[in-house]
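Visitor: Take any residue in the sequence shown, count from 1 to its spot, add 202: that is its number in my numbering. Below you will find the structure I want to go over with you.
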Amino acid sequence: MPYLQLDLNGRFEAEDKKRLAAAMCETYSRMMSVDIRRITIAIRELGEGAVWRVAEVGREPVPVSMLMLDIRQGRPLEKRKAVADALCAHCIEILGIERDRLNVEFTQHPGEDMYHPSLGGFSPDRL
203 MPYLQLDLNG RFEAEDKKRL AAAMCETYSR MMSVDIRRIT IAIRELGEGA
253 VWRVAEVGRE PVPVSMLMLD IRQGRPLEKR KAVADALCAH CIEILGIERD
303 RLNVEFTQHP GEDMYHPSLG GFSPDRL
């Protein structure tokens, strides 16, 4: 943990996804004071027409992307907003996702919900 999962419509180049993963890991690690080795990034290309949202009342659904952030419990609202903005900026810059077509959702977990066998076991609860 943390686990960052980006669900996408369409297909993207492997090198762009690798650049995005590197940028997201570096940014998240720096902003949230997390060991970069604990961060896992999933970029899921679900294909054309896989993720939808009604962007305007009375209009047809539009294709969107969804960034799910499973993070350590207790992160302050301001810090979560700042990291969400920074990660969205990477998605926009590297993959060309439109700002109004990207949503972020946080799921918070205590350190005991995050286990890394190669890093000594459970994640610390300190923020």
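Virtual Cβ for every residue (Gly too), placed ideally from N, Cα, C.
#1: Return yes when the Cβ of Ala223 is within less than 8 Å of the Cβ of Ile238, no when it is not.
#2: When burial is assigned at 16 or more other CB atoms within 10 Å of the CB, is Leu329 buried or exposed?
#3: Nearest-angstrom Cα distance between Leu248 and Ser267?
#4: Figure out for me which residue from Glu228, His292 and Thr309 has the closest Cα to the Cα of Arg301.
#5: Just curious, the alpha helix (DSSP H) that Val285 is in, first and last residue?
#6: Measure the C-alpha to C-alpha separation of Ser235 and Lys281 and round it to an integer number of angstroms.
#7: In chain order, what residues of the same chain lie with their CB nearer than 8 Å to the CB of Trp254, ignoring the 5 residues before and after it?
#8: Using DSSP with H/G/I as helix, E/B as strand and the rest coil, what is Leu248?
#9: Sort out for me which residues DSSP pairs Met233 with in a bridge.
#10: Could you tell me which of Asp209, Leu279, Ile296 and Val306 sits nearest to Asp342, measuring between CA atoms?
#11: According to DSSP, what are the bridge partners of Ile243?
Guide: Working from what's here:
#1: Against a cut-off of 8 Å, the Cβ pair of Ala223 and Ile238 comes out as no contact.
#2: Because Leu329 carries a pLDDT of 46, less than 50, the predicted location of this residue cannot be relied on, and no value is offered for it.
#3: CA-to-CA, the gap between Leu248 and Ser267 works out to about 10 Å.
#4: Distances from the CA of Arg301 to each of Glu228, His292 and Thr309 were compared; the closest alpha carbon is that of His292.
#5: Counting along the chain, the alpha helix (DSSP H) containing Val285 begins and ends at Leu279 to His292.
#6: If you take the alpha carbons of Ser235 and Lys281, they lie about 11 Å apart.
#7: Apart from sequence neighbours up to five positions away, the residues of its chain that approach Trp254 with a beta-carbon distance below 8 Å are Pro263, Val264, Pro265 and Val266, ordered along the chain.
#8: Coil.
#9: Met233 is not bridged by DSSP to any residue.
#10: With the chain represented from 203 up to 329, any question about residue 342 goes unanswered, as that position is not in the structure.
#11: Per DSSP, Leu206.
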